[in-house]
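Presented below is the structure to which this report refers.
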Amino acid sequence: MDLSKTVNLPKTDFPMKANLPIVEPNIIDFWNENRIYYKALTKNKANKSRILHDGPPYSNGKIHLGHALNKILKDIVVKYWTLKGFYSPFIPGWDTHGLPNEKAAISTYNIDRKKVSEVYIREKSKEIAVYYSEIQKGQFKRLGVFADWENPYLTLNPSYEAAIIRAFGSLAKNGYIYRELKPVYWCYDCETSLADAEIEYKEKKSPSIVVSFELSTKFKDLDNLYALIWTTTPWTLPANVAIAYKPNSSYVIIEYQGKKYIVAKEAYFNAEQLKFLRDSSVILADFTSDELLNLTAKHPFLNRLSIFVPADYVDLNNGTGLVHTAPGHGYEDYLTGKKYDLPILSPVDKEGKFTEEIDFLKGLHIDKANDVIIEVLEKNGNLLFKSFITHSYPHCWRCHNPVIFRATYQWFLDVEKMKESLINSVNKVEWFPSWGEERMKKMIENRPDWCLSRQRVWGVFIPVLFCKNCGESIVDPDLIENIASIVEKEGSDVWWEKEVKYFIHKSLHCPKCGGSEFEKEKDIFDVWFESAVSHFAVLYNNLGHPCELYLEGADQYRGWFQVSLITSVGIFGYPPYNKVLTHGWVLDQEGRAMHKSLGNVIDPMEIVEEYGADILRLYFASSEYTNDIKMSKNTLNVVVEMYKKIRNTIRFMLGNIHDFDINQWKVNFNDLPVLEKYILSKHYQLIDKVEEYIEKFEFHRYVYEIYDYIVHILSAIYLDVRKDVLYTFDKDSFERRAAQFVILKILKDLLIMLFPVLSFTCEQAWKNIPLHNVSSVSCYLQSWPQKDKITDVEFYQKIVDFYKEVLPIFEKYKNSGLIKTTNESLLKIYTDQNYRFFEENKKLIKELFKVSDVFVFNEQKNDLDYVVIDNNNIFVEFEKSNYHKCERCWNYYPELKDYNIKVCGRCFDVLQKIGMFA
RNA sequence: GGGCCUCUAGCUCAGGUGGUUAGAGCGUACCCCUGAUAAGGGUAAGGUCUCUGGUUCGAGUCCAGAGAGGCCCA
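Sequential numbering of the first sequence, starting at 6, is according to the working numbering.
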């Protein structure tokens, strides 16, 4: 007789082999067809809301692991909130304007910028941006990310563009916008400014000269003293207004060919540029650079003074240690100029020719001016040394000519003015991890004013007019609102398509000269400004402002977190977020950043196609992601093993409830057997822990907590012990139905709790729960697990502890070869002080240990192995029993019933009931 | 060069306010089971807590330096 046919073995269609790459797309179809994301939203509509505001990725390529990490983490948070009952719509966004896409359009469609209209370039740039946002959308969906994919926000949407314009208007109204000269990269051949990304570095031959500036006052009681500077751009000397020195450093006065000069001491001994005088000069004096503060020197050929200022960037090993400073022609010079309130001179026009500001150079191109200036210096005796050097120098990416720094008018946001309220705002935000607060403060403290304008076409124009008569700029809130409402209907192309008068809705006069003829600003916004106002465009008036959480990579302290804070404080006076959470970078196995050039880049979609999205999701969720995450195929396999364990346990539970119907077999919690109560009490502790960890965004602890529960509690104890009941008891027996009742409860809770991470697997398992036991078609439409009150099981923990302690002792007996399994063994327990406890719980001990019998003796047996319970030694020994093995349940009994087969009394009853002995 | 961060067993992670033999899981080795079976149960071996100094009766835990790596700037 085949007795295995008479046992209730597990049965399920949930396969052991996951086959995620094949299965997951079907589950996505299921989610789409049943609109699960939207149904879950509707379910919680009336509840309290919690909003995670999506930071828009730039739409110029496929996603990388960083994108995948970011969106998966966001997805975990939003899914958890939703299961918890919060109303948490997730509106995904894309950053679409800006240089990278404009460049991509120009190269993809081979555009000659001088020959086509701005609107044409914009049209092509838009094509690229929309194309990649769609690609990324598809990839994010494949990762299992739930979002309102049908209504994302794109910064190129007219409504978003209008919000950008309104945000600018609001900031202007609050007094944070100003216009000022600032040096930018300038190509005099293309007659345009260039962004950093449009610069290529090439070797260039330049003059290298050392020039003297005579001090205008006595220093150290010395007359006729000169400061020496070194430059490779003589043409910038007309714009010189200062000489920078390194603070708190040693400088010297030297005598060379009868004249006295100041240079840095280190430069004097080491700098290549001072070699010519080193052997034929002597040091007269030694002093600290700080004594130079506020001294002045005469410009070598203009009637002007140049002031000494400190600057940390001064290099003491190159040049003279005194740096010629022209704020109109260099970025560092500009910052120094701003700091010390120096004039920003830029006497060079857009073609690279000198303006009338400098008489003797007027109309001369800077290349020719170099020679003229050197001649003048020589004539005046200010040129000490002249040669040529070849060095790396920025060139234009289009025409390949050298570029210059040229000051032009730019729009700024006055960050300096709001710094105090920015710092206060930082204090109001909760930062995860907590050091984020410190980092953000430091960065804000050091941040200069924000240059908002770009000389480009793919973006949103700056809504400003200029008076044709006097050149005054018109920043008028009323006008800006009118422009915004036009853009909201027609899109920002309208600025390039229509005449000025189209935007002026009522009579407008220049506040300065009364003129009524205007022209449009040509510059567009820095794309950072566009994403910086997403809280204004997406949250305000829609989802609620401020929102609960921003969640991005740690690079965004400098980026989105900071610029969003600035615009929010500028517009509203408070931050756009209550909490900020950051993650690290995804690195390779050696902990190095992934770079194409290193060949160590892993494509997230490759992982999805080989392992499945759930594996990637579990990988990120089980990593301490506030640090950098190392990623390799090897470590992926570790997660795969973890996944298998979780999956198999789920499968085993599914298999054991195949004939269970909750409607028929609902069990009162108080009636449950002790083991069931114990397991549930552990389960409720788990629910608490899981909530605690997710609320703190410590996903790895949340995942490990569940995993440990599965390994230590479910698999190792409960399910292992209960196999006997589940398989061999009468299928309708209370013991079996009670076990199934608990297994169903735990299974459902686990699937719900794991859903934020293992969405695909949990959904697939959910579909395999026998139908009448579930109330919704999707796991995601469930609510977070509820806890019941369980009492009176604490004593059982002592038995479990005893079991864990005794296992190594059993192993010893097993290794002696006399016994092989606990089933065939007797357990003898010797204890005087705990005699009653063990005697009373003999049955539970027998069940847990799976031994054939337990004997408890009220005595100490000091020659045996022992374990310590409640500070008392409990002595134990195992012995092979002389009991007989039941052929059906494989347990051992003193006596068996003997028909054709030998079975125990319990199995006999079961067999009789199912008609085996009819 | 500056700001912020990381560094605990082969791997992924735990280790409030400093205090007995530094904990899990995976992996490895070995054993058991063969009615969760390309599964299940168990035992064991793995760590001078990156390094060097210091404070302390006592430091993975505090302080100072160094090294390696990351992000953001210059």
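Backbone N, C-alpha and C define an ideal beta-carbon position, used for all residues, glycine too.
Apart from the 5 residues on each side of it in sequence, F471 sits with its Cβ closer than 6 Å to the Cβ of S478, E524 in its chain, given in chain order.
For Q917, the uninterrupted alpha helix (DSSP H) run begins and ends at 910-918, by DSSP.
Secondary structure note for H405: it is in no beta strand (DSSP E), with a DSSP letter that is neither H nor E. Short of 7 Å from the beta carbon of V381, and not among the five residues preceding or following it, lie these beta carbons of its own chain, in chain order: F306.
A straight-line Cα-Cα distance of about 19 Å links D320 and F218.
Within 10 angstroms of the beta-carbon of E208 lie fewer than 16 other beta-carbons, which makes it exposed. In this structure, I234 places its C-beta atom within 8 Å of the C-beta atom of H329. Taken atom to atom, the span from the alpha-carbon of E277 to that of H396 is near 14 Å.
Of the residues A247, F274, N474, V695, the one whose Cα lies closest to the Cα of I258 is F274. Contact between L327 and Y250 holds, with the beta-carbon distance rounding to 6 Å and staying under 8 Å. Restricting attention to V643, L279, S780, G357, the CA atom closest to the CA of C195 is found in G357. Under the 10 Å beta carbon count, D481 is surrounded by 16 or more other beta carbons and is classified as buried. Around the beta carbon of G558, 16 or more other beta carbons lie within 10 angstroms, which makes this residue buried.
Checking the DSSP bridge columns, you'll see W416 partnered with R184.
In this structure, the alpha-carbon of E595 lies about 15 Å from that of N632. In this structure W440 is exposed. Its beta-carbon is surrounded by fewer than 16 other beta-carbon atoms within 10 angstroms. The alpha helix (DSSP H) runs lying completely inside the stretch 556-613 and spanning 4 residues or more are 565-576, given in chain order.
When secondary structure is reduced to three states using DSSP, E522 falls in the coil class, being assigned neither helix nor strand.
In this structure, the straight-line span from the alpha carbon of N375 to that of P239 is close to 5 Å.
Residue range 204-220 is occupied by the beta strand (DSSP E) that includes E208. Under the DSSP assignment, I684 falls in the alpha helix (DSSP H) whose first and last residues are 679-700. Remark: C-beta atoms of S130 and W99 do not approach each other more closely than 8 Å.
Cβ-Cβ distances below 6 Å link K851 to V859 in the same chain, with the five nearest sequence neighbours on each side left out; the list follows chain order. Judged by DSSP secondary structure, I371 falls within the alpha helix (DSSP H) whose first and last residues are 371-385. In the displayed model, W99 falls within a strand according to three-state DSSP. Taking all protein chains shown into account, T160 has 16 or more neighbouring C-beta atoms within 10 Å of its C-beta and is therefore buried. Using a Cβ-Cβ distance cut-off of 8 Å, the stretch 515-530 and the stretch 544-554 are not in contact, since fewer than three pairs of beta carbons, one from each stretch, lie closer than that value. For C456, the closest alpha carbon among the candidates V782, K803, A412 is that of A412. In this structure, the alpha-carbon of S857 lies about 26 Å from that of F922. According to the DSSP assignment, Y266 belongs to the beta strand (DSSP E) that extends over 264-269. For Y712, no beta strand (DSSP E) segment is defined; the enclosing uninterrupted segment is the alpha helix (DSSP H) at 704-713.
Annotation: the continuous beta strand (DSSP E) that includes S830 extends over 830-835.
Apart from the 5 residues on each side of it in sequence, N156 sits with its Cβ closer than 8 Å to the Cβ of I96 in its chain, given in chain order. Annotation for S286: the continuous beta strand (DSSP E) segment containing it runs 286-293.
For C894, the three-state secondary structure derived from DSSP is coil. Counting only runs of 3 or more residues that sit fully inside the stretch 447-526, the beta strand (DSSP E) segments are 470-472, 523-525, in chain order.
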